[in-house]
Every structure is written in structure tokens, then in C-alpha cells.
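Under the UniProt record's numbering, the first residue of the sequence shown is numbered 1, with each subsequent residue one higher.
Have a look at the structure below, then the notes.
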Amino acid sequence: MVMRGVCGETSEAEGKDVGSYSVELGEVEDEGPDDNDLDLNIAISNAYPGYSALVCFEVINTGTISVMGPWPDFDLPSNPPDWLRISHGIVPVQIDPGDSEIFCFWISIYEDLEGGIEPPEGYTYEFQIHMDFVQWNEAVYEVLGPRLEKEFRYTDVNLETCPANLDGLLPTDGGYYIVNATVVNNKVKNTNPGAFFGVIWIIGEGITEIRVVDKYDFHFDVEDGQDGKVRAYIYNIESGCIVKKLKLTEDVHYTIDNTNNVVKVNISLDESLSSNRAVLI
Numbered sequence: 001m002v003m004r005g006v007c008g009e010t011s012e013a014e015g016k017d018v019g020s021y022s023v024e025l026g027e028v029e030d031e032g033p034d035d036n037d038l039d040l041n042i043a044i045s046n047a048y049p050g051y052s053a054l055v056c057f058e059v060i061n062t063g064t065i066s067v068m069g070p071w072p073d074f075d076l077p078s079n080p081p082d083w084l085r086i087s088h089g090i091v092p093v094q095i096d097p098g099d100s101e102i103f104c105f106w107i108s109i110y111e112d113l114e115g116g117i118e119p120p121e122g123y124t125y126e127f128q129i130h131m132d133f134v135q136w137n138e139a140v141y142e143v144l145g146p147r148l149e150k151e152f153r154y155t156d157v158n159l160e161t162c163p164a165n166l167d168g169l170l171p172t173d174g175g176y177y178i179v180n181a182t183v184v185n186n187k188v189k190n191t192n193p194g195a196f197f198g199v200i201w202i203i204g205e206g207i208t209e210i211r212v213v214d215k216y217d218f219h220f221d222v223e224d225g226q227d228g229k230v231r232a233y234i235y236n237i238e239s240g241c242i243v244k245k246l247k248l249t250e251d252v253h254y255t256i257d258n259t260n261n262v263v264k265v266n267i268s269l270d271e272s273l274s275s276n277r278a279v280l281i
């Protein structure tokens, strides 16, 4: 990967031309055998209240494997001055071999005399921003093998409507269902589609209308499973079995926004929930 930087000042107030900046790209000693570091050194001097600069850097993937990133980590010394503003809108993206992306962050000097915020003269402040990237191996399967046959056992349990005991999968603390995954540091661990899923439990006698807004982490996208992205069931609390699968477009309507990482689900029930029934989404 190759990185190059550029820094652009905003128009200085009242025609001043005292603030200045410099950009220098340098290679530093590796911290480990798999850790190649590049430093983009940016120095801003003679900055005054109202001065601002837009700092951008371009990342070019010169390798043969796609990468994901950056994940910015701002290393700010303790008690950063309240007159310094650092902001960014950096979102990790996939950079394919030969492609490039530009990322920016904003540095400005802030003053509020009434609020007691006043930049001192002759003050120097140094900080670091670490940008981590990871290789992103992808596999494309043009032909899928035959589906596995279901294994039916001699039992009085209907495997279609009561496939498993759901105890332990439902939220019990603060209404949150959390999936923890352990991955190797700075590596990508692939999983089969549908390996991660969440179950939302809704219970309440007399409920007929349900509205759910579920936000998830930007690392994940909600993708199609065997029966779609979202499924909803009527669940018998006493027997622990599925009573009915709610039909999409008739009983259940949902939208998926993988850009803003939000799922919205609307459910209309023909009959109100009884005390021994729950809705599983």
C-alpha cells in the first residue's frame, strides 16, 4: 500500500497569511514482522483563533489482495486543550488492488472568550492518528453443492415447528442481545452467511401492532438467509415450540439499510397476543 498526503488551508480571516503547514511522508521502523508503518507527518505552525486546515491523505492499494480500512485511532495526550477541534467522517471501505481512496480530517483553532476558552501564545501540541487496514480475502463460489437432506428421528416433537430449545438465546439484561466473536489481531475471520443472528423477544397480552427499529454495528451487513433477511414467528412460551410463521408482505413488512446500519420491522397480528404467546423476530 502507498499513502500520500495533502493539506489545504481555509481562507484566512481578514486576509492574514501567518498560518502555515507542511506535510511529509516517512517510513518508520517496523513494530513487528507483519506491521509495516508509514508516517504522514503534518506540522501546522503560527495557528491563531479561527485558523483551520483540511488534512487529506490518499491510500493506494498496490498489492494483489483487497484491503478494508481505515479504522482511525486518535492518540491524544491527556487533557487535550479545549481550544483544539479535531473531527473526521472517516468510514472503513474496501480498496481493491490498483484502486485508491481519499480520507480527510479537519483541524481548527477555537476561541470562546466569554466561555473562558482562549488559545495561549507559544503553545505546542502534538498528537497521533493511527490508521489500521486489514487484508480482505474473498471467495466466490459459482456452483453450490446440493442441499443436505434433513435427518428425521423417531420423536414426538415436530422438527419443522419446534427445531430447538431457545432458552439462553433471548435478551435478559437491558433488552440487548449481544454476539461476541473472537478474531485474530489485524486479521479477518470469515464466517458463512447467517452465522451471526439476533433474536428479539416480544411479549405482552393484547398486543396487535409491533414496530421495531434495530441498529447494528457497521462491521456487519444484514444479508439474505434461507427465508429472507427478517423472519417472525408466533412462539408458545409453555411448550417452547413455534406455533406459526408470520407471512412476509401480509403480516410482516421490513426495510434494511446497510448504509446506516438500521433494520425497521412492522408487524400486524390478526389476533392479539395471549399471555402464553410471544413474537420472535
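C-beta atoms are modelled at their ideal positions from N, C-alpha and C, and glycine is treated no differently.
Just so it is clear, the structure is predicted and the values come from calculations on it, not from any experiment.
- First and last residue of the uninterrupted beta strand (DSSP E) at ALA53: 52-60
- Message: Quick check on the burial criterion: 16 or more other C-beta atoms within 10 angstroms. Buried or exposed for SER275?
- Response: exposed
- Just tell me which of GLY98, ASP96, PRO97 and ILE102 has its CA closest to the CA of MET89. Reading off the sequence shown, one finds Gly at residue 89, where the question assumed Met. When each option's Cα is compared against that of GLY89, the closest is ILE102.
- Message: Beta-carbon within less than 6 angstroms of THR208's beta-carbon, same chain only, minus the 5 sequence neighbours each way: which residues are those?
- Response: LEU269 and SER272
- Task: Might you give, ordered along the chain, the residues of its own chain that have their beta carbon closer than 6 angstroms to the beta carbon of ASP82, omitting 5 neighbours on each side?
- Result: ILE117
- For TYR123 and VAL262, the rounded distance between their alpha carbons: 44 angstroms
- Item | Same chain, Cβ closer than 8 angstroms to ILE129, five either side skipped, listed in chain order | PRO72, ASP73, PHE74, ASP75 and PHE105
- If ILE267 and ALA232 are in contact, beta carbons under 8 angstroms, what's the gap, nearest whole angstrom? 6 angstroms
- Item | Inter-residue CB distance, PRO119 and GLY63 (contact presumed, cutoff 8 angstroms) | In fact, because the Cβ distance is near 43 angstroms, the residues do not count as touching under 8 angstroms.
- Bridge-paired residues (DSSP) for LEU248: VAL252
- Item | Neighbourhood of ALA278 by C-beta, 7 angstroms cutoff - its chain only, sequence neighbours within 5 removed | TRP201, ILE202, ILE203, TYR235 and ILE237
- Closest to PHE57 by CA distance: which of ASN41, PRO49 and ASN258 is it? ASN41
- Task: Assign THR155 to one of two classes, buried (16 or more other C-beta atoms within 10 Å of its C-beta) or exposed (fewer than that).
- Result: Any reading at THR155 must be qualified, since the residue scores a pLDDT of 43, below 50, and its modelled position is unreliable; no value is offered.
- Task: Could you round the C-beta distance between GLY69 and MET131 to whole angstroms and report it? I think they count as a contact, below 8 angstroms.
- Result: 7 angstroms
- Beta-carbon separation (whole angstroms), residue 283 vs VAL265, contact threshold 8 angstroms: Nothing can be reported for residue 283: it is not among the residues displayed for the chain, which extend from 1 to 281.
- Apart from the five residues just before and just after VAL91, which ones in its own chain have a Cβ nearer than 8 angstroms to its Cβ? PHE218
- Item | Nearest residue (CA-CA) to ILE44, options LEU84, PRO77, TYR216 and VAL67 | LEU84
- Does the Cβ-Cβ distance between residue 292 and SER66 come in under 8 angstroms? The structure shown has nothing for residue 292, since the chain only spans 1 to 281.
- Item | LYS187 to GLU114 span [Cα, whole Å] | At LYS187, the pLDDT of 48 sits below 50, so the modelled position is not reliable; the number obtained from the coordinates is stated separately. Using only the alpha carbons, I get a separation of about 49 angstroms.
- Are the Cβ atoms of GLU126 and PRO49 separated by less than 8 angstroms? no
- Item | VAL222 beta carbon less than 8 angstroms from that of ASN258 | yes
- VAL55 vs ILE107 beta-carbon contact at 8 angstroms: yes
- Under a Cβ-count criterion, where at least 16 other Cβ atoms within 10 Å of its own Cβ denotes burial, should VAL230 be classed as buried or exposed? buried
- Item | N-terminal and C-terminal residue of the beta strand (DSSP E) that ASP82 is part of | Premise fails: ASP82 is in no beta strand (DSSP E) and is neither H nor E.
- Query: Mind checking VAL93: buried by the 16 CB within 10 Å criterion, or exposed?
  - Reply: exposed
- Cutoff 8 angstroms; reference PRO80; Cβ partners in own chain excluding five residues on either side: TYR125 and PHE127
- Reduced DSSP category for ILE242 - H, G, I as helix; E, B as strand; rest coil: strand
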